[in-house]
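Novice:
Numbering (my numbering), first residue to last: 1 to 273.
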């Protein structure tokens, strides 16, 4: 397993620091890679300059987060063109993972869930045919059309087995999904992980305010992080474990220092040096 961090959600949020400063802060830390939103790939001008910044601080691009209106068929041709641009940029950065962020839930979704999930599956299947050595995985997220377990199950049933599942541990937990059983069930299609903690594990959240308040940096909540990593390891997982924390009541740099200490004391043995 390899350790990464989602820098936008964890460090750049709220204007705490720039992307360039966040990359520099991670130098000589346990993190070997970063995940960014696809828009950040041109943050320094061209993609090549982004790559040079990463190389300067011995950091890889673990993955790119990409969200779009996958559920709307009239958007599909545009989405395919956008995918081609992202794929080209990833090839220049020697990176392979695209994390698919689902569309937000909306009023009409509840009465037509199958219709919209099927439309999302259609365009993802088209993308897979063009993916080549790029790996794509669906990211579950509270407040989106891929939130609940039945929605995840339906999308994975309707998609090509080459489409992987890139679950977010915290978002599984706040939805009330048994994280530990879920990881075992889907081990054959899991290729990448978002790792965040939850202060009230496996309890369904009522609203976004509750969700945001429960998310913690790994080690500060009540999920069994070592158990999660053990399940992944025992099922042959050898991908990126990307830490993400979005606790509005905590200082991001303090959380970073906390996690590095927690990692060194409890998790180092799970990861490549």
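Ideal placement from N, C-alpha and C gives every residue a C-beta, glycine not left out.
#1: For the stretch 197 to 209 against the stretch 232 to 239, do three or more pairs of beta-carbon atoms, one drawn from each stretch, fall closer than 8 Å, so that the two count as touching?
#2: Among 211, 228 and 218, which one has its Cα closest to the Cα of residue 254?
#3: Count the other C-beta atoms from every protein chain shown that fall within 10 angstroms of the C-beta of residue 18, then say buried if there are 16 or more, exposed otherwise.
#4: Just verifying my parser: in three-state terms, what is the DSSP assignment at residue 261?
#5: Given a cut-off of 7 Å on the beta-carbon distance, is the pair residue 56 and residue 44 in contact?
#6: Specify, as a first and last residue, the run of the beta strand (DSSP E) that residue 35 falls within.
#7: Need the endpoints of the alpha helix (DSSP H) that residue 211 sits in, please.
#8: Report all residues from its chain with a CB closer than 8 Å to the CB of residue 12; omit the five preceding and five following residues, and keep chain order.
#9: In this structure, how does DSSP classify residue 141 when only helix, strand and coil are distinguished?
#10: My output table needs one value for residue 242: the three-state DSSP class, helix, strand or coil.
#11: Enumerated in chain order, which unbroken segments of the alpha helix (DSSP H) with a length of 4 residues or greater are wholly contained in the stretch 142 to 191?
#12: Using a Cβ-Cβ distance cut-off of 7 Å, determine whether residue 89 contacts chain B.
#13: What are the uninterrupted segments assigned as beta strand (DSSP E) that are 3 or more residues long and contained completely in the stretch 71 to 103, given in chain order?
Specialist: Quick answer:
#1: no
#2: Indexing the chain shown from 1 puts residue 254 at position 254. The shortest Cα separation from residue 254 among 211, 228 and 218 belongs to 218.
#3: Mapped onto the chain shown, residue 18 falls at position 18. By the neighbour-count rule (16 or more Cβ atoms within 10 Å), residue 18 is not buried but exposed.
#4: Translated into the one-based positions of the chain shown, residue 261 becomes position 261. It is helical.
#5: Here the question's residue 56 lines up with position 56 in the chain shown. Here the question's residue 44 lines up with position 44 in the chain shown. The answer is no: Cβ separation not under 7 Å.
#6: The count along the chain shown starts at 1 and reaches residue 35 at position 35. Counting along the chain, the beta strand (DSSP E) containing residue 35 begins and ends at 33 to 37.
#7: Working through the chain shown from its first residue, we reach residue 211 at position 211. It spans 208 to 214 - the alpha helix (DSSP H) in which residue 211 sits, taken as one unbroken run.
#8: Against the chain shown, residue 12 aligns to sequence position 12. Excluding sequence neighbours, residue 12 sits near 18, 19 and 22.
#9: Your numbering for residue 141 matches position 141 in the chain shown. Residue 141: coil per DSSP, three-state reduction.
#10: By 1-based counting over the chain shown, the position of residue 242 is 242. Looking at residue 242 - three-state DSSP - the assignment turns out to be strand.
#11: 149 to 158, 169 to 174 and 179 to 185
#12: Protein chains in the displayed structure number just one, and chain B is not present.
#13: 97 to 101
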